[in-house]
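Presented below is the structure to which this report refers.
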Amino acid sequence: MSILEVKGVSKYFGGLAAIDNLNLTIREGEIRGIIGPNGAGKTTLFNVISGVYRPSSGQIFYKAGKRIDGLAASKIAEMGLVRTFQRTALYPNFSVLKNVTAARHLHARENIFSVFAGAVKKIEEVNIKKALEIVEFMGLGHLKNELATNLPHGHQRALGVAIALACEPKVLLLDEPLTGMTPTEKAQMIDLIRKVHQQGITILIVEHDMRSVMELCKYISVLDFGKLLVEGTPAEIQNDESVITAYLGTEDITSLGGEKVAT
Ligand SMILES: Nc1ncnc2c1ncn2[C@@H]1O[C@H](COP(=O)(O)OP(=O)(O)OP(=O)(O)O)[C@@H](O)[C@H]1O
Ligand SMILES: [Mg+2]
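Numbering of the sequence shown is given in this note's numbering, commencing with residue 19 and proceeding in unit increments.
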């Protein structure tokens, strides 16, 4: 069963089609890899799915045919479609726990009736308890009182995912979660992504680290110039001529299994 359907979506910036008549179907419960050379439109795709941008044309359906294109990003997040950012977006001078609690505040609709009922303190207690669970789940329990800005890069990224989890996603969009990580940090993040997936969360991951994408995903969609170039299993993608051509001259070609050519 599909949980997300992108139908004929385009997004123009001036005359440039960052996304060009794209069709994509994501099954409930999968981890889908989205790859493609720099500027292929991967981040733009996440931005149109999550409501940061309204598509120039086309439609996006979420869960049993609910149309979401054109809805506000906050509304889409509330429905369970949540993204992390390519560059980690955090409150640097808040503690780890406070970052996640704050994300829950932004997400939870603390309606006026519960305020009248004097339930504010109760809501706050529940928020902190849930935030703490998420922080521990992401392996950050020992760092809960540390300021976000003081965390090593790998833990900052884990916090970025914790902040997204605070919104209780059904679908999580991860934009380059492994960028700038050491091999150890990467291995830890891959384990965490698997753990999140095991909670029943559908995951879309944009990532340049081919080895990791191929390890995590059973199915991969390749974008090039805003279009869907090809979709398939890691083995199919690795051996696809059009994918190899699209990547020629980029750093990523070596990890696709091809020869890196001098540019
Ligand atoms: N806000 C914007 N205004 C104008 N052009 C944009 C904007 N955002 C993206 N673009 C352009 O759209 C194209 C796709 O960009 P996008 O960031 O989606 O690529 P990407 O696949 O995420 O690349 P990378 O792998 O480098 O992150 C690029 O040509 C980019 O310059
Ligand atoms: Mg990008």
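For every residue, glycine included, the Cβ atom is placed at its ideal position computed from N, Cα and C. From a predicted model like this one, the values you see are computed outputs, not experimental measurements.
According to the DSSP assignment, Ala90 belongs to no alpha helix (DSSP H), since it is labelled neither H nor E. From the listed residues Glu249, Leu222, Ala176, the smallest Cα separation to Ala205 is found for Ala176. In this structure, the beta-carbon distance from His171 to Glu194 does not fall below 8 angstroms. Pairing Leu191 with Thr62 gives a Cβ-Cβ distance that is not under 8 angstroms.
The DSSP-derived three-state label of Ala35 is strand. In the structure shown, the three-state DSSP call for Thr197 is coil. Following the DSSP letters along the chain, one finds Lys60 inside the alpha helix (DSSP H) bounded by residues 60-67. Cβ neighbours of Arg72 within its own chain (closer than 8 angstroms, five residues either side excluded): Val66, Asp87, Gly88. With a threshold of 16 other beta carbon atoms within 10 Å, Met207 meets it and is buried. Non-local beta-carbon contacts of His226 in its own chain, meaning distances under 7 angstroms to residues more than five positions away in sequence, involve Glu194, Asp270 in chain order.
Boundaries of the beta strand (DSSP E) around Ile223: 220-224. Each residue's CA atom was taken as its position, placing Ala121 and Leu34 some 34 angstroms apart.
Taking a 10 Å sphere around the C-beta of Thr119, we find 16 or more other C-beta atoms and assign the residue as buried. Out of His123, Ser113, Leu22, the CA that lies nearest to the CA of Lys81 is found in Leu22. Annotation for Asn111: Leu165, Ala166, Thr167 place their beta carbon closer than 8 angstroms to its own, counting only its chain and skipping 5 residues before and after. Distance from the CA atom of Gly198 to the CA atom of Ile78, rounded to whole angstroms, is 32 angstroms.
Cβ atoms of Ile49 and Cys235 come within 8 angstroms of each other, at about 5 angstroms.
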